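Student: In my numbering, the protein residues as written are 628 to 758.
Supplied in structure tokens, the structure appears directly below.
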Amino acid sequence: MNKKYLAKIIATDNEGLQMISACCAGAKVKISDMKFLQTNKIFLLSIERTRIESGQEDKKINSICKFDFVDHVKSKNIDQNNIDLILELIGIDYLKNNNNYEINLIFNNNAHISLKSEMIEVRLEDQNEIK
């Protein structure tokens, strides 16, 4: 596979975040593939998504979604002890609250994760295609 077809999207505003949200809609995420690196203020999601942006709906791809400047993470309706549980990411949105952002990852089954962040800096980077 040619490396240059791997997407790398960096979002620093609502428009970019909506693009990443659209690319990740329907992505599968395993509980064990979510990590909050508190000292680095990074929240990582390793996802399996369909490559919609190139019009190749049949192509599945492993991607990393990285959120920077994250001060606090809280989840709702997610059993973190069930590390093999696979959630489906429905979308990503945010609220601005004074000088902070609350980025919301919305999953199926009314599950969600809220990231408190001082700015929007989200990176979606494809790793490899799933054969």
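By construction, the Cβ of each residue, glycine as well, lies at the ideal position given by its N, Cα and C atoms.
A quick note: this is a predicted structure, and the numbers were derived from the prediction, not measured.
#1: Report buried or exposed for M746, applying the criterion of at least 16 other Cβ atoms within 10 angstroms of its Cβ.
#2: Could you spell out the range, first to last residue, of the beta strand (DSSP E) harbouring G718?
#3: From the DSSP output, in three-state form, read off L742 for me.
#4: With burial defined as no fewer than 16 other Cβ atoms inside 10 Å of the residue's Cβ, what is the status of M693: buried or exposed?
#5: Which whole runs of the beta strand (DSSP E) in the segment 687-713 are 3 residues long or more, in chain order?
#6: In three-state terms, what does DSSP make of N641?
#7: Assign I710 to one of two classes, buried (16 or more other C-beta atoms within 10 Å of its C-beta) or exposed (fewer than that).
Tutor: The structure says:
#1: Around the Cβ of M746, a 10 Å sphere holds fewer than 16 other Cβ atoms; the residue is exposed.
#2: 713-724
#3: strand
#4: Looking at the sequence provided, one finds Lys at residue 693 rather than Met. Buried, since its Cβ has 16 or more Cβ neighbours within 10 Å.
#5: 687-694, 697-703
#6: helix
#7: exposed
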